[in-house]
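J.: Take a look at this one; I'll ask things after.
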């Protein structure tokens with residue numbers, strides 16, 4: 009992945025140091041510099057130009073009309089950097105505490121782990137360090153570790169490299185100094201890796217120190233933030249099977265005790281002390297609901313009697329037997345609850361992992377029913393039947409709704425919630441219809457559907473039919489891509505088509521339509537697979553590959569509808585290595601029995617160096633993809649958070 013760095017300097021009333029910080033950043037790096045002036049009394053741009061009358065091409069300024077806080081300044085920097093296409097934001101303070109000479113080490117860490125948040129760990133063993141700063145660092149580190157189970161060396165450090173991909177769709181509620189703790193904690197909750205890099209720090213003597221940290225106001229804000237984050241951490245669902253099962257078991261134990269009215273507060277206390285999920289614990293305490301209470305009381309009392317060896321008719325004796333017995337019964341039921349919940353969670357996780365796509369649809373019963381329906385009642389009845397299937401799926405496929413909701417927020421930001429839901433339903437419907445169309449085509453020896461060819465398709469068809477050179481068609485998980493490949497594979501040509509799909513390592517299959525000459529290969533990144541593709545191209549044949557789901561480290565980020573998204577550069581690299589022609593191919597369902605096909609020939613990049621060739625071709629592909637998706641936004645079929653989930657690299 010190519011990392012595109014920008015240095016961001018948030019500043020508010022640091023006139024004596026900010027220009028020097030900019031100058032040292034220019035001297036120590038080659039990256040552009042974005043200064044975010046948070047309403048300083050004297051505009052920072054004016055201060056810089058007073059000393060440097062000629063504008064510097066690497067330095068730009070953004071200014072708030074009034075002071076809004078460091079958190080808002082950083083968010084302004086993130087948004088502006090994203091708008092300009094940068095992938096990483098190097099945040100450095102304007103008060104001269106941070107040394108730009110530490111930047112190369114931090115950048116190197118980001119290059120090695122481009123999806124990580126890089127945090128500068130300040131060396132506090134220098135002179136003039138306030139005791140409050142040393143204590144604040146340790147205190148903040150403790151709470152971040154408590155809230156995330158991840159150790160961060162310096163959670164208060166402002167010297168960081170932010171991966172902008174993860175931030176672009178996040179909403180924050182902190183605006184001041186507490187923002188840096190919020191963004192750190194929430195990125196960890198999203199499984200973003202943290203890399204600590206040791207850095208130097210400079211503190212001025214008290215009489216020269218300039219700080220805009222308000223000890224009372226900002227400490228209150230940080231205290232409130234830690235309270236909110238701690239409660240959120242106790243409520244989070246993303247816990248391991250062991251910890252969630254333990255929380256449930258402790259809740260059962262608490263629920264069996266005779267402390268009625270206090271079960272929930274006790275569960276909250278235990279959740280806080282032992283860092284266990286409060287939701288699971290609270291569910292466990294509900295063992296003491298009315299139908300079970302008599303049995304729990306009677307069972308506890310009988311166990312208490314057997315332990316004491318005698319029965320007492322006094323009130324004190326009754327409560328002694330009940331309390332003692334409830335401890336034993338609670339322990340027993342807690343152990344049973346732990347085992348049951350652990351088995352349930354682990355089996356559920358294995359089933360979820362097993363549902364990963366393997367190149368074959370394992371729902372044999374569903375496929376058989378659909379095939380029988382198609383043969384007996386026809387395609388239009390199958391479309392009608394899909395209304396019930398899609399409605400059910402829309403109601404219960406919560407994750408899919410969330411994925412598509414994010415997608416519609418990006419491609420149609422002006423839509424309200426109701427408009428997005430209507431589009432999500434339409435998106436699921438056209439996806440289901442496309443799956444049925446693919447099944448129908450696979451069963452037929454002839455082309456079943458009509459194809460409306462865009463004007464751009466003619467040169468592509470001529471190349472398929474006549475050109476001796478190999479050809480790479482870069483497709484996407486949009487519309488009827490498989491049907492387009494089937495159409496092109498059926499053209500009168502000596503070219504054979506190899507449709508490359510990402511699948512399980514070592515798995516190959518031949519699952520194309522009966523009318524197609526296409527050979528489907530499940531791409532597993534092995535050398536033999538790459539060689540097979542290259543041989544196919546060198547023989548002048550036709551290879552279809554996907555460009556929108558990276559599965560290897562051959563990927564890059566591009567702005568797509570104004571947001572960073574990861575795309576696969578493998579098709580471009582393979583085509584360039586084989587000197588094959590490159591086309592971007594898309595097909596979209598227009599009417600019940602028709603698909604519109606688009607092909608765009610890539611512009612020549614032979615005049616560029618190799619890495620720039622790859623980048624230029626990827627930019628062309630993304631631009632064409634955005635162009636056609638603008639016309640058919642309901643036919644986007646990537647069922648994951650395309651704009652906020654890092655690719656799962658094999």
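In my numbering, the protein residues as written are 9 to 658. The beta-carbon is built from N, C-alpha and C at its ideal position, and this holds for glycine as well. Treat the numbers as computed from the prediction; the structure is a model and nothing was measured.
Under the DSSP definition of a beta bridge, which residues are partnered with residue 605?
T.: 461 and 595, per the DSSP bridge assignment.
J.: Sort 553, 394, 407 and 37 by Cα distance to residue 100 and report the nearest one.
T.: Of the listed residues, the one whose Cα sits closest to residue 100 is 37.
J.: Count the other CB atoms, across all protein chains shown, that sit within 10 Å of the CB of residue 83; report buried if there are 16 or more and exposed otherwise.
T.: With 16 or more Cβ atoms within 10 Å of its Cβ, residue 83 is classed as buried.
J.: What does a CB cutoff of less than 6 Å around residue 277 pick up in its chain, not counting 5 residues either side in sequence?
T.: Cβ within range, chain order: n/a, list empty.
J.: Could you give the first and the last residue of the continuous beta strand (DSSP E) run that contains residue 68?
T.: First-last of the beta strand (DSSP E) with residue 68: 67 to 71.
J.: Given a threshold of 16 other Cβ atoms within 10 Å of its Cβ, counted over all protein chains shown, does residue 583 qualify as buried or as exposed?
T.: Buried, by the Cβ-count rule.
J.: Sort 161, 87 and 152 by Cα distance to residue 179 and report the nearest one.
T.: Out of 161, 87 and 152, 87 has the C-alpha closest to the C-alpha of residue 179.
J.: Measure the CB-CB distance between residue 163 and residue 119 and report whether it falls below 8 Å.
T.: Result no, Cβ atoms of residue 163 and residue 119 do not sit closer than 8 Å.
J.: Given this structure, state the Cα-to-Cα distance separating residue 469 from residue 424, to the nearest angstrom.
T.: Their backbone Cα atoms lie some 42 Å apart in a straight line.
J.: Report buried or exposed for residue 22, applying the criterion of at least 16 other Cβ atoms within 10 angstroms of its Cβ.
T.: Its Cβ being crowded by 16 or more others within 10 Å, residue 22 is buried.
J.: Alpha carbon to alpha carbon, what distance is there between residue 408 and residue 388?
T.: The straight-line gap from Cα to Cα measures roughly 26 Å.
J.: Tell me, please, whether the segment 252 to 264 touches the segment 279 to 292 by the rule of three or more beta-carbon pairs shorter than 8 Å.
T.: Touching, per the Cβ criterion.
J.: Do you know offhand how far residue 97's Cα is from residue 16's?
T.: If you take the alpha carbons of residue 97 and residue 16, they lie about 6 Å apart.
J.: Would you tell me roughly how many angstroms separate the C-alpha atoms of residue 293 and residue 259, rounded to the nearest one?
T.: Computed Cα separation, rounded: 5 Å.
J.: Determine the closest residue to residue 196 out of 224, 167, 156 and 230, with distance taken between C-alpha atoms.
T.: Here the closest residue by C-alpha is 156.
J.: May I have the straight-line CA-CA distance separating residue 66 from residue 40, to the nearest angstrom?
T.: Taking the straight line from one Cα to the other gives about 5 Å.
J.: Roughly how many whole angstroms lie between the Cα atoms of residue 660 and residue 125?
T.: No statement about residue 660 is possible, as the shown extent of the chain runs from 9 to 658 and does not include it.
J.: Start and end of the alpha helix (DSSP H) containing residue 129?
T.: It is not in any alpha helix (DSSP H) - residue 129 instead sits in the beta strand (DSSP E) that spans 125 to 130.
J.: With DSSP collapsed to three states, give me the class of residue 571.
T.: Looking at residue 571 - three-state DSSP - the assignment turns out to be strand.
J.: So what does DSSP say about residue 284, is it helix, strand or coil?
T.: Note: residue 284 maps to coil in three-state DSSP.
J.: Note the first and the last residue of the continuous beta strand (DSSP E) segment covering residue 554.
T.: Taken as a continuous stretch (DSSP letters only), the beta strand (DSSP E) holding residue 554 covers 550 to 554.
J.: How is the alpha helix (DSSP H) around residue 585 delimited, first residue to last?
T.: From DSSP, the alpha helix (DSSP H) with residue 585 extends over 578 to 586.
J.: By the three-class DSSP mapping on this structure, what secondary structure does residue 96 have?
T.: Three-state result, residue 96: strand.
J.: Ends of the beta strand (DSSP E) at residue 16?
T.: 13 to 19 is the span of the beta strand (DSSP E), which, as asked, contains residue 16.
J.: Beta carbon of residue 95, beta carbon of residue 173: below 8 Å?
T.: The answer is yes: Cβ separation under 8 Å.
J.: Skipping 5 residues on each side, what residues in its chain have a beta carbon closer than 7 Å to that of residue 1?
T.: No statement about residue 1 is possible, as the shown extent of the chain runs from 9 to 658 and does not include it.
J.: For residue 654, does the three-state DSSP call read helix, strand or coil?
T.: It is coil, neither helix nor strand.
J.: Would residue 175 be called buried (16 or more neighbouring beta carbons within 10 Å of its own) or exposed?
T.: Classification for residue 175: buried.
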